[in-house]
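A.B. asks: Pasting a structure below so you can have a look.
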Amino acid sequence: MEKVKKLLSASLILSFALLLLNSCQDDDEVNALDDGVLRVLASNINNTKFENGVENVKTDLSIELVFSHSLDTEKLASALSISSEDGNPVDYALEFTKVNSTVTISGNQGLEYLTTYSVELPSGTYGVNGEAIKDPVSLSFKTEAFTLPVVALSTDVIELKEDSETAVITASLDKTTATDVTINLAFGGSSTLDADYTVSSQSIVIPAGNLTGTTEITTNLDAENDDNETIVVSIDSVENANEGTTQEVTISILQELAPLALKGVMALTWDGSGTNDGKAVHVVANEDIADLSLYSLGVANNGEGTDGIEYTFPAISVSAGDDILVARSPDLISTYFGNCNTEFEHILQANNSISQNGDDAIELFSGITKIETYGDADVDGTGEVWEYKGSWAYKIGREWTYGGVDCSVGSSTTQDSSCTYPICKEALELKGVMALLWDGSGTNGGKAIHVKAIKDIPDLSIYGVGIANNGGGTDGLEFSFPAISVEEGDDILLAREPATLTAYFDSCINEFEHVIESNNSVSQNGDDAIELFKNEVVIETYGDPNVDGTGEGWEYSGTWAYKSGETWTAGILDCAVGSTTTLNSSCPYPLCN
6 MEKVKKLLSA
16 SLILSFALLL
26 LNSCQDDDEV
36 NALDDGVLRV
46 LASNINNTKF
56 ENGVENVKTD
66 LSIELVFSHS
76 LDTEKLASAL
86 SISSEDGNPV
96 DYALEFTKVN
106 STVTISGNQG
116 LEYLTTYSVE
126 LPSGTYGVNG
136 EAIKDPVSLS
146 FKTEAFTLPV
156 VALSTDVIEL
166 KEDSETAVIT
176 ASLDKTTATD
186 VTINLAFGGS
196 STLDADYTVS
206 SQSIVIPAGN
216 LTGTTEITTN
226 LDAENDDNET
236 IVVSIDSVEN
246 ANEGTTQEVT
256 ISILQELAPL
266 ALKGVMALTW
276 DGSGTNDGKA
286 VHVVANEDIA
296 DLSLYSLGVA
306 NNGEGTDGIE
316 YTFPAISVSA
326 GDDILVARSP
336 DLISTYFGNC
346 NTEFEHILQA
356 NNSISQNGDD
366 AIELFSGITK
376 IETYGDADVD
386 GTGEVWEYKG
396 SWAYKIGREW
406 TYGGVDCSVG
416 SSTTQDSSCT
426 YPICKEALEL
436 KGVMALLWDG
446 SGTNGGKAIH
456 VKAIKDIPDL
466 SIYGVGIANN
476 GGGTDGLEFS
486 FPAISVEEGD
496 DILLAREPAT
506 LTAYFDSCIN
516 EFEHVIESNN
526 SVSQNGDDAI
536 ELFKNEVVIE
546 TYGDPNVDGT
556 GEGWEYSGTW
566 AYKSGETWTA
576 GILDCAVGST
586 TTLNSSCPYP
596 LCN
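Next up, the structure:
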């Protein structure tokens with residue numbers, strides 16, 4: 006036992022001795038590191054490693070020197086020097102950070118191009134506790150050759166409301182220059198300078214030594230019911246800089262709806278109708294109007310120009326959302342519309358001037374100012390896309406759609422015509438079906454259904470679709486839309502693989518307000534009928550559920566079918582094969598045109 010105690014005691018003594026030895030070695034190492042010598046641990050120039058003789062340095066000087074100890078700032082500042090190859094000193098400023106162990110040198114003015122400069126710090130004592138640099142510091146660098154700066158354009162917003170909103174257009178340089186840079190701008194797009202918007206200046210000046218300059222665009226509120234418009238800002242010319250790649254920014258002007266707007270125009274003909282019974286104009290109130298007599302209509306007959314105000318609305322009040330029908334024969338057109346006539350809050354008696362035959366432009370006035378026109382007052386509409394003889398034209402959102410010439414002929418009500426007036430239709434309609442195949446589409450990448458809201462829909466989930474495969478009859482409701490709200494005019498794309506189809510549609514995908522992923526039931530191969538449901542009841546069908554579409558006029562294998570107005574058109578079979586986007590295919594999807 007005594008022997009064990011002695012061994013333990015010896016072991017403890019040895020361990021203590023080793024601990025003391027290690028402590029002494031650690032102290033020696035510390036003393037060896039802190040040897041009183043001041044060293045430059047790192048050097049950077051313009052955010053890159055500063056190696057002696059570095060070239061192509063930008064003329065905006067910034068040098069960082071990192072020292073091993075805190076510095077006596079006054080001593081270092083008095084000893085440090087920077088000069089050019091011809092001996093001229095450089096004017097600079099110093100900033101000390103990190104307990105005064107790091108110094109940043111910034112030039113107070115741009116350096117000369119293609120010139121060699123030297124940074125010198127003689128040996129000496131610069132540490133705050135007497136640490137000294139043994140060997141002098143000497144680093145040289147050569148500045149870049151002169152090249153003009155490159156200018157880029159940007160905007161702080163991409164959309165402006167029509168009423169006095171402002172966008173800031175910024176021109177930026179990639180480096181400063183010793184002379185002012187002037188960028189002369191060009192303004193294009195569907196909007197008109199001074200009429201739709203103003204600019205604070207049509208040129209931007211970037212003063213010497215600066216990197217940016219700006220101008221402002223401010224929208225003007227006009228009295229017209231216009232479509233949304235664009236402003237395209239580009240560079241016309243540049244002084245003392247280069248444009249580099251083409252610079253262009255696009256801003257959309259979101260038009261404010263006027264209190265009263267055109268919604269539809271009619272020159273309907275049905276079995277038993279007289280010459281004037283189907284002549285009517287449909288307007289909608291976008292806000293409460295206390296006195297509707299502030300507004301009026303005119304018919305520009307046969308392309309002979311405006312006839313001015315010909316019908317003035319009565320002095321009644323209307324509420325936001327009210328649909329108002331001005332008709333030559335209110336009773337007869339109400340009968341033609343059937344139960345749908347309740348969609349109009351007001352049906353008003355027109356005078357004889359509401360005399361359009363379907364080839365005449367319709368003008369809406371506020372006071373004496375024309376605020377909206379359907380068609381062209383100076384063009385006879387016969388044969389024009391906007392002709393509505395024996396038919397109607399109807400505005401969904403901001404887009405006019407057409408029933409087709411003489412589509413109401415032979416009908417007894419709008420519901421049994423081949424072109425039901427849209428206010429009488431369901432709020433959602435089929436617009437397109439797709440079974441596209443292209444390089445990279447895979448089996449399902451091009452399968453999609455396009456629907457359009459023709460009225461505001463608070464809850465889209467009451468609608469759904471089904472695929473009647475191979476002529477085997479209806480399969481019923483197979484997919485219900487999500488419970489979201491959509492607005493009149495919204496285009497909705499239901500896609501089996503949204504990411505794949507989005508890439509294929511390229512910029513045209515922006516034409517859809519909603520892109521929704523479907524389930525596996527959206528499986529059409531181009532010979533399958535498509536059914537649209539409301540509350541599980543079929544309300545519209547493309548194709549024939551009981552017929553295999555192969556070889557039929559409605560087949561859309563490797564392509565699409567699209568409804569324009571009330572008419573369906575199918576693309577050429579397999580027309581997307583070999584394309585990479587719909588835009589470069591032989592059959593671009595019609596919405597993209």
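Position 53, counted from 1, in the sequence shown is what our numbering calls 58; the numbers after and before it change by one each time, with no gaps.
Glycine included, every Cβ here is placed at the ideal spot set by N, Cα and C.
Reducing DSSP to helix, strand and coil, say where Phe510 ends up.
C.D. replies: The answer is helix: DSSP assigns Phe510 an H, G or I state.
A.B. asks: For the putative contact between Val254 and Ser177, defined by C-beta atoms under 8 Å, what is the C-beta separation to the nearest angstrom?
C.D. replies: 12 Å between Cβ atoms; not a contact.
A.B. asks: Is it buried or exposed, Glu483, if we count other Cβ atoms within 10 angstroms and call 16 or more buried?
C.D. replies: Glu483 comes out buried.
A.B. asks: Quick check on the DSSP output: the alpha helix (DSSP H) that includes Ser301 runs from which residue to which?
C.D. replies: Taken as a continuous stretch (DSSP letters only), Ser301 belongs to no alpha helix (DSSP H), being part of the beta strand (DSSP E) at 300-305.
A.B. asks: Taking the alpha-carbon positions, what's the Ala458 to Thr507 distance?
C.D. replies: The alpha-carbon atoms of Ala458 and Thr507 are separated by roughly 20 Å.
A.B. asks: Skipping 5 residues on each side, what residues in its chain have a beta carbon closer than 6 Å to that of Ser143?
C.D. replies: Cβ neighbours of Ser143 beyond the five flanking positions: Glu125.
A.B. asks: When DSSP builds the beta bridges, which residues end up paired with Glu125?
C.D. replies: Ser86, Ser143, per the DSSP bridge assignment.
A.B. asks: In angstroms with no decimal places, state the Cα-to-Cα distance between Tyr684 and Val438.
C.D. replies: The structure shown does not extend to residue 684, since the chain spans only 6 to 598, so no value can be given for it.
A.B. asks: Could you tell me the distance, in whole angstroms, from the CA atom of Ile521 to the CA atom of Pro335?
C.D. replies: Distance between the alpha carbons of Ile521 and Pro335 is about 42 Å.
A.B. asks: Examine the Cβ distances between the segment 423-434 and the segment 575-588 and report whether three or more of them are shorter than 8 Å.
C.D. replies: Result no; under three Cβ-Cβ pairs closer than 8 Å.
A.B. asks: Taking Cβ positions, are Ile256 and Glu234 nearer each other than 7 Å?
C.D. replies: Contact flag unset, no.
A.B. asks: Measuring CA to CA, which of Phe151, Ile240, Gly112, Gly194 is closest to Gln252?
C.D. replies: It is Ile240 whose Cα lies nearest to the Cα of Gln252.
A.B. asks: So, Leu99 versus Ala84, is the Cβ gap smaller than 7 Å?
C.D. replies: In this structure, Ala84 does not lie closer than 7 Å to Leu99 by Cβ.
A.B. asks: With the cut-off set at 7 Å, would you say Glu493 and Asp464 are in Cβ contact?
C.D. replies: In this structure, Asp464 does not lie closer than 7 Å to Glu493 by Cβ.
A.B. asks: What residue ranges within the segment 320-406 form continuous alpha helix (DSSP H) runs of no fewer than 4 residues, ordered along the chain?
C.D. replies: Within the segment 320-406, the complete alpha helix (DSSP H) runs of at least 4 residues are 335-342.
A.B. asks: Given a cut-off of 7 Å, decide if Thr78 and Asn57 are closer than it, judged by their beta-carbon atoms.
C.D. replies: The answer is no: Cβ separation not under 7 Å.
A.B. asks: Are three or more beta carbon pairs between the segment 184-196 and the segment 288-297 nearer than 8 Å?
C.D. replies: Taking 8 Å as the limit for Cβ pairs, the verdict is that the segment 288-297 does not touch the segment 184-196.
A.B. asks: What did DSSP end up calling Ile428 once you bin it into helix, strand or coil?
C.D. replies: In this structure, Ile428 counts as helix in the three-state DSSP scheme.
A.B. asks: On a CA-only basis, which of Ala263, Val414, Ser512 is nearest Leu596? Give me that one, please.
C.D. replies: Considering only alpha carbons, the answer is Ser512.
A.B. asks: With DSSP as the reference, identify every bridge partner of Trp559, one or two as the case may be.
C.D. replies: Trp559 is not bridged to any residue.
A.B. asks: Alpha carbon to alpha carbon, how far is Tyr393 from Ala272?
C.D. replies: Rounded to the nearest angstrom, the two C-alpha atoms are 6 Å apart.
A.B. asks: Suppose you measure from the CA of Ser371 to the CA of Thr171; what does that come to, to the nearest Å?
C.D. replies: For Ser371 and Thr171, the distance between alpha carbons rounds to 27 Å.
A.B. asks: Tell me Val438's beta-bridge partners as DSSP assigns them.
C.D. replies: Val438 pairs with Ile454, Ala566.
A.B. asks: Under DSSP, the beta strand (DSSP E) around Asp39 begins and ends at which residues?
C.D. replies: Segment: none, Asp39 is in no beta strand (DSSP E) and carries neither H nor E.
A.B. asks: Looking at the structure shown, is Ser75 part of a helix, part of a strand, or coil, going by DSSP?
C.D. replies: Ser75: coil per DSSP, three-state reduction.
A.B. asks: Rounding to the nearest angstrom, what Cα-Cα distance links Asn362 and Lys284 in this structure?
C.D. replies: Cα to Cα, Asn362 sits roughly 8 Å from Lys284.
A.B. asks: Does the Cβ-Cβ distance between Thr224 and Tyr202 come in under 7 Å?
C.D. replies: Contact flag set, yes.
A.B. asks: Note down the Cα distance separating Leu369 from Leu265, rounded to an integer number of angstroms.
C.D. replies: Spanning the two alpha carbons is a distance of roughly 9 Å.
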